[in-house]
Structure formats: C-alpha cells, structure tokens
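> Input: one structure, supplied below.
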Amino acid sequence: MCDDVKAFVAEMDKHSIICDPVTDEGWGLLTQLRLPGGGKLGVYQPRHERPDVMTAGRPVRERAS
Numbered sequence: 029m030c031d032d033v034k035a036f037v038a039e040m041d042k043h044s045i046i047c048d049p050v051t052d053e054g055w056g057l058l059t060q061l062r063l064p065g066g067g068k069l070g071v072y073q074p075r076h077e078r079p080d081v082m083t084a085g086r087p088v089r090e091r092a093s
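Each residue of the sequence shown is one higher than the one before, starting from 29 at the first, in this note's numbering.
This is the structure:
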C-alpha cells in the first residue's frame, strides 16, 4: 500500500525496476512488479479511508473446570 502509486512507479523506474501499467480497480489503483524469483508483488493506492485502529479489550480469563 502506498499514498501515490504513480510516484512509486516513477521511483521504481529510476532504479530500472519495471512495473506493470497502473490499473483502476475501483477500490484503488494497482500496479505489480516482478521479483527476482519470478513472483509478483502488488502495490496499491487505496481509495477507501483507513479503518480506525482497533484496541484490545480486557483479556478473557479461562473458566476453571
């Protein structure tokens, strides 16, 4: 995830790292780059707001049997 996928692609281009064209997936903008082992790594710029941070509630105590 990144704030500006087009800036990310431009920065990767400076390092001779090829990214797939940016596609609009509705929920965000997506690109992929190929890893040295042949796998692909997706990087996206979300259009949705980030969810609130969840805090842990009180710890649950196990019942005695």
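Heads up, the beta-carbon is just placed ideally off N, CA and C, and yes, glycines get one too.
For residue 33, collect the residues of the same chain with a Cβ closer than 7 Å to its Cβ; drop the 5 residues on either side in sequence, then sort them by chain order.
50, 57, 59, 71, 72 and 73
> If you reduce the DSSP assignment to three classes, tell me which class residue 81 lands in.
coil
> Would residue 40 and residue 61 qualify as a contact pair, given that the criterion is a beta-carbon distance under 8 Å?
yes
> According to DSSP, what are the bridge partners of residue 32?
As DSSP reads the structure, residue 32 sits in no beta bridge.
> Between the C-alpha atoms of residue 69 and residue 82, what's the straight-line distance to the nearest angstrom?
27 Å
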